[in-house]
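Reading the sequence shown from the start, the letters are residues -24 to -1, 1 to 357 in mature numbering (1 follows the signal peptide of the UniProt record, and there is no 0).
Just so you know, even glycine gets a beta-carbon here, dropped at the ideal spot from N, CA and C.
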Amino acid sequence: MAKRTICAFFLVSVLLALQATTYARRRQSATSRPEDGSGTVELEEVAEAEQRMLRAATLIRQTLQQRTPAPGGILVLVADTSMAQQYEDYFRSAYRTLPMTRALDSLSARTLAARGVTLTTGAAMARALQRHTLALSDLSLILADNAADLFSGEPLDSDVVGSSAPFSTRNTLKIVGFKRPGWTVPLRTQREQPPPIPVVDQPLGLDVAARALRFPQRFVDEKLSPYTFRNHDLLLRALLHPSKARRINSTVSYRPLDYVGQFALEYVLLRHILKNGTLKTNQEMHEAKTRVLRQETLARVAALNDLDKYVFVDDGPQKLSMTQYANQARSQASSHSTPDIRQNSFLHNFLQSVAGAVYIDSGYDADIVERVFVKFFKPYL
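Shown next, in the form of structure tokens:
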């Protein structure tokens, strides 16, 4: 029972996502048509089983007669094997050449009858859409022998099914449910919404001691342009090494932003590779990921963009190591020689922390992070 309820939830989610406007208005008219042209949903009152089968045969014939575009799959949702058998017998007697197949337990795009009817259940359809083995764009017509099956259980929000809706298809999907006399569409039960996550005005900002640091406007203008920071504290913290923090009696440093930026950079760089690359095999993808995200690459990118000149770090061996590495990396780049210096500084951490600062300051906008940082990695993509 629990599994059937869950599947019903997903089925209703899909159908509500298709026709959100119609359902939200709670209209009880026999026919409902959305204004966006994505498809149609119709409720028809048909009490007798034979009349439902006759109407179904008529709708199927109309769908198959469509020439442009070519019709997609046709689903007839039934309650069980017995009802499936009744529809099969009727279709064979009324429409002798109609291809038919059953998929009562497992449904996918491959099990659809070519230019014919697939008899299935609402639960099987919901599972197929949930598992992405079937897309709404594969279908032209969905007929439900009992419209109540389309609205049973507590409807879920439309975004649960993700890629299944809203849909873009060469066919106009039509959904017809046969309702019994006196039956009406149930009002949607409103689930208790979780409390909103509190938004901190200045997450990962500075304490009083660190506010005396000078904002690196030149670095922003020359390297991060056209991005501009709304909250300067984020970039200042992203550039603050613990040694300098101790020197000025501050309790904050770049480290939390390093963690955030590691996630943000990995996400936008891998997404860029997927969207714009020509890599096909797992091995090619793995090699690209390793090449772009390894510490040596991050440190070299940071050095070539003069990030070391803006890091707040106390004088000592750590600063010396960072400066020596950055100077050598820039020297090799200017002479077009093969990079062979060993990355033994913490410069890669600061590139990540700056990315984390941009990610948070932009309102957690990955697209902005991609626009700002992907250009630095072009030689490695």
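With distances taken between CA atoms, LEU180 lies nearest to LEU215 out of PHE352, THR94, LEU283, LEU215. Residue environment for HIS108: exposed (fewer than 16 other C-beta atoms within 10 angstroms of its C-beta). Between LEU126 and ARG103, the C-beta spacing is not below 9 angstroms. Secondary structure of PHE154 (DSSP, three-state): strand.
By DSSP's assignment, LEU216 forms a beta bridge with PHE288.
Restricting attention to ASP65, MET298, LEU115, ASP56, the CA atom closest to the CA of ASN325 is found in MET298.
For the beta strand (DSSP E) assignment, the uninterrupted runs of no fewer than 3 residues enclosed by the segment 71 to 134 are, from N- to C-terminal side, 76 to 79, 93 to 96, 115 to 120.
In the three-state scheme derived from DSSP, where H, G and I count as helix and E and B as strand, LEU296 is classed as helix. Contact between the segment 282 to 292 and the segment 337 to 344 is absent: fewer than three C-beta pairs spanning the two stretches fall below 8 angstroms. In terms of Cβ geometry, VAL287 and LEU241 do not form a close pair [threshold 9 angstroms]. Between ILE36 and LEU117, the beta carbon gap of about 7 angstroms places them in contact (Cβ cut-off 8 angstroms). If you compare the alpha carbons of ALA305, ARG306, ARG78 with that of VAL54, the shortest gap goes to ARG78. Contact between the segment 20 to 38 and the segment 55 to 68 is present: 3 or more CB-CB pairs across the two stretches fall below 8 angstroms. For ILE50, the pairing in a beta bridge is given by DSSP as VAL93, LEU117.
For GLN238, the enclosing alpha helix (DSSP H) starts and ends at 231 to 252. Counting the other Cβ atoms within 10 Å of the Cβ of LYS220 gives 16 or more, which makes it buried.
Note on geometry: alpha-carbon atoms of ARG86 and LEU115 lie some 12 angstroms from one another. In the displayed model, LEU180 falls within coil according to three-state DSSP, outside both helix and strand.
Looking at PHE205, ARG72, SER229, LYS354, the one whose alpha-carbon comes closest to that of ILE344 is PHE205. Of LYS155, THR148, VAL161, SER321, the smallest CA-CA separation from GLU24 is found for LYS155. By the neighbour-count definition (other C-beta atoms within 10 Å, threshold 16), ASN281 is a buried residue. Contact check for PHE353 against THR273 passes: the beta carbons are separated by less than 9 angstroms.
Under the three-state reduction of DSSP output, GLU24 falls in the coil class, being neither helix nor strand. Straight-line measurement puts the Cα of ARG213 at about 5 angstroms from the Cα of TYR230.
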